[in-house]
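The following block contains the structure:
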């Protein structure tokens with residue numbers, strides 16, 4: 001049986017036929033070439049989610065993200081599609097999870113309390129808040145604090161890919177990809193957000209910073225990070241949760257200013 005014509009074309013040829021000629025067969029060829037990305041990203045995200053979350057649902061939502069990425073990607077800008085697509089796939093999966101309300105309200109409330117605690121204490125003391133300070137602020141024991149971290153871990157997966165605003169599809173991480181020309185207003189948003197994220201990252205502990213770097217930039221799974229850092233997966237999950245709560249707390253206090261700009 002003869003191979004489909006699209007499978008014999010190079011990636012660049014497929015991009016040219018799809019973007020410049022609107023060749024739907026070329027688009028199908030691109031989807032076939034990059035569909036393994038969906039399974040890869042879905043598998044990584046599934047590792048940190050409750051068992052009741054279906055992997056098939058993640059793949060389905062991720063596939064929509066891949067198609068969206070192929071439609072919006074500019075092949076002439078010299079960017080790496082795999083990186084761009086991975087962010088779009090994650091964002092689509094997270095959007096599907098949020099619509100499905102997969103995190104119990106009680107867990108969201110606990111995550112918000114911890115997020116606010118980090119924001120208040122770190123703004124007040126101008127340094128990273130310790131576990132003991134968080135416990136004192138929330139009036140809980142260290143054991144209760146560790147339990148809360150375990151519970152909110154599922155609510156912090158992919159937090160950097162969540163939309164900046166409820167009505168906007170633009171995510172914090174997607175701002176790092178210049179996939180199209182920006183208006184002056186968008187540029188202000190980008191610069192402001194990057195400055196806020198940088199300030200937040202500076203307040204992370206060394207271990208938290210390492211986890212964020214390995215997870216979001218080196219694309220390692222939490223279990224792989226555990227091996228690299230010689231720590232247990234549960235400890236890595238806690239470090240990830242605390243890092244994201246700190247970052248969300250730092251960004252939260254700037255939310256009103258960001259929306260006004």
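Residue numbers (this note's numbering): 1 to 261.
Virtual Cβ for every residue (Gly too), placed ideally from N, Cα, C.
As the structure is a computational prediction, the values presented were derived from the model and not from experiment.
Inset, instruction - Tell me whether the beta-carbon of residue 122 lies closer than 9 angstroms to the beta-carbon of residue 135. - result: Numbered from its first residue, the chain shown carries residue 122 at position 122. Numbered from its first residue, the chain shown carries residue 135 at position 135. Result no, Cβ atoms of residue 122 and residue 135 do not sit closer than 9 angstroms.
Inset, instruction - Put residue 83 into one of helix, strand or coil per three-state DSSP. - result: By 1-based counting over the chain shown, the position of residue 83 is 83. Helix at residue 83.
Legend entry - Sequence-distant residues of the same chain with beta carbon closer than 8 angstroms to residue 35, five excluded per side: For the purposes of this step, residue 35 is taken as the residue at position 35 of the chain shown. 63 and 66.
Legend entry - Cβ neighbour criterion (16 or more within 10 Å) applied to residue 228: Taking the first residue of the chain shown as 1, we reach residue 228 at position 228. It is exposed - the Cβ of residue 228 has fewer than 16 other Cβ atoms within 10 Å.
Legend entry - Delimiting residues of the alpha helix (DSSP H) encompassing residue 22: Residue numbering aside, residue 22 sits at position 22 when the chain shown is read from its first letter. Unbroken run through residue 22: none, as it is neither H nor E.
Legend entry - Residue environment, residue 17, which counts as buried when at least 16 other CB atoms sit within 10 Å: One-based indexing of the chain shown puts residue 17 at position 17. Residue 17 should be labelled buried.
Inset, instruction - Measure the CB-CB distance between residue 212 and residue 236 and report whether it falls below 9 angstroms. - result: Within the chain shown, the letter at position 212 stands for residue 212. Within the chain shown, the letter at position 236 stands for residue 236. Their beta carbons are not under 9 angstroms apart, which means residue 212 does not touch residue 236 by this criterion.
Legend entry - Limits of the alpha helix (DSSP H) - the one that residue 138 falls within: Within the chain shown, residue 138 is the residue found at index 138, counting from 1. First-last of the alpha helix (DSSP H) with residue 138: 131-138.
Inset, instruction - Find out if the Cβ-Cβ distance for the pair residue 242, residue 208 is shorter than 9 angstroms. - result: For this step, residue 242 is matched to residue 242 along the chain shown. For this step, residue 208 is matched to residue 208 along the chain shown. Cβ atoms of residue 242 and residue 208: closer than 9 angstroms.
Legend entry - Three-state secondary structure assigned by DSSP to residue 204: As a first step, residue 204 must be located in the chain shown, where it is residue number 204. Correct three-state label for residue 204: coil.
Legend entry - Environment of residue 91 [buried if 16+ CB atoms lie within 10 Å]: In the chain shown, residue 91 corresponds to position 91, counting from 1. With 16 or more Cβ atoms within 10 Å of its Cβ, residue 91 is classed as buried.
Inset, instruction - Indicate whether residue 85 and residue 37 have their beta-carbon atoms separated by less than 9 angstroms. - result: The residue given as residue 85 occupies position 85 in the chain shown. The residue given as residue 37 occupies position 37 in the chain shown. The answer is yes: Cβ separation under 9 angstroms.
Legend entry - Coarse secondary structure for residue 210, derived from DSSP in three states: The residue given as residue 210 occupies position 210 in the chain shown. Looking at residue 210 - three-state DSSP - the assignment turns out to be helix.
Legend entry - Spatial neighbours of residue 23 in its chain, beta-carbon cut-off 6 angstroms, leaving aside the 5 residues before and after: Your numbering for residue 23 matches position 23 in the chain shown. Cβ within range, chain order: 17.
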